[in-house]
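Numbering (the UniProt record's numbering), first residue to last: 1 to 216.
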Amino acid sequence: MYEREEGTEVPVSQSSSDYCLHTGVKPANDMGETLDMWMAVVGGQVVDVAANGQCGWLAFLAAKENIAEGFIGLTPEVVKAGMDFKKQMINCMLTTLTKEADLEPQEFEVELQASGLATDAHTSFEQSCSLLAQHYVAQRKKSVKTNVQGKYWFRTAQLKAMAKHARLPIFVLDVDGNNMARMQVYTYRKVTTRVGGDVEIGVVHSAPTQKALALV
Numbered sequence: 001m002y003e004r005e006e007g008t009e010v011p012v013s014q015s016s017s018d019y020c021l022h023t024g025v026k027p028a029n030d031m032g033e034t035l036d037m038w039m040a041v042v043g044g045q046v047v048d049v050a051a052n053g054q055c056g057w058l059a060f061l062a063a064k065e066n067i068a069e070g071f072i073g074l075t076p077e078v079v080k081a082g083m084d085f086k087k088q089m090i091n092c093m094l095t096t097l098t099k100e101a102d103l104e105p106q107e108f109e110v111e112l113q114a115s116g117l118a119t120d121a122h123t124s125f126e127q128s129c130s131l132l133a134q135h136y137v138a139q140r141k142k143s144v145k146t147n148v149q150g151k152y153w154f155r156t157a158q159l160k161a162m163a164k165h166a167r168l169p170i171f172v173l174d175v176d177g178n179n180m181a182r183m184q185v186y187t188y189r190k191v192t193t194r195v196g197g198d199v200e201i202g203v204v205h206s207a208p209t210q211k212a213l214a215l216v
């Protein structure tokens with residue numbers, strides 16, 4: 001799958017329209033390669049999906065099910081499949097939210113800001129977790145056929161959850177305005193928490209273009 005809306009990792013700019021922080025993953029530090037070249041190497045095709053802020057759910061569904069139709073004028077079948085998949089992923093995120101937030105406080109703070117959630121020094125960890133959980137529940141209810149505010153956009157946190165769910169690496173092409181693409185790889189790893197017990201957390205890496213082309 002490829003994306004033009006970048007995921008969440010490094011703060012980029014502040015949105016004034018819906019009061020959330022729009023963020024992006026730092027791309028590989030190289031020239032990249034044309035999208036056409038990537039498609040030729042992987043034997044794939046570009047599938048256009050509705051540009052409604054929920055394109056990631058739809059793009060992953062298209063890639064997972066290997067289907068290309070029904071993603072612009074969304075068909076009832078695509079909407080149902082997209083909603084079922086979206087609910088599964090967000091339920092997974094809710095299950096491990098507190099443990100992941102405790103293990104990765106910096107990324108947790110970025111996700112709070114990206115979700116448009118106002119916290120300060122007086123907001124406890126438990127309150128912050130509750131706020132983000134409520135936000136994810138609200139996101140889960142929104143149909144994939146509707147336009148959503150920036151704070152409900154599909155981001156890196158969701159892609160990390162997908163890697164855990166799929167039990168496989170997810171390769172994302174970040175395409176710039178010149179149609180040059182660079183790869184991001186989403187995986188997961190098991191980490192032991194401070195209070196005992198293990199939890200799987202999602203991880204994202206930028207992949208050097210030539211090495212990535214050789215691997216795929």
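Even glycine gets a Cβ: it sits at the ideal position worked out from N, Cα and C.
So the candidates are Gly196, Asp36 and Asp174; which of them puts its Cα closest to the Cα of Tyr186?
Asp174
Locate the alpha helix (DSSP H) running through Glu65, then write down its first and last residues.
Cys55 to Glu65
Can you tell me the Cα-Cα spacing of residue 266 and Ser143, whole angstroms?
Since the first residue shown for the chain is 1 and the last is 216, residue 266 is missing from the structure and cannot be characterised.
Please look up how many angstroms separate the CB atoms of Gln134 and Ile90, rounded, as I've assumed it's under 8 Å.
About 12 Å; that fails the 8 Å criterion.
Proximal residues to Ala51 (C-beta, below 6 Å), its chain only, five neighbours per side dropped:
There are no such residues.
Assign Gly202 to one of two classes, buried (16 or more other C-beta atoms within 10 Å of its C-beta) or exposed (fewer than that).
buried
Three or more C-beta pairs under 8 Å: does that hold for the segment 83–103 against the segment 53–67?
yes
Within 7 Å, strictly: CB atoms of Met180 and Ala207:
No. Outside cutoff.
Range covered by the alpha helix (DSSP H) that runs through Thr95
Pro76 to Leu103
Measuring straight from C-alpha to C-alpha, what distance separates Thr209 and Ala163?
Taking the CA atoms as reference points, Thr209 sits about 21 Å from Ala163.
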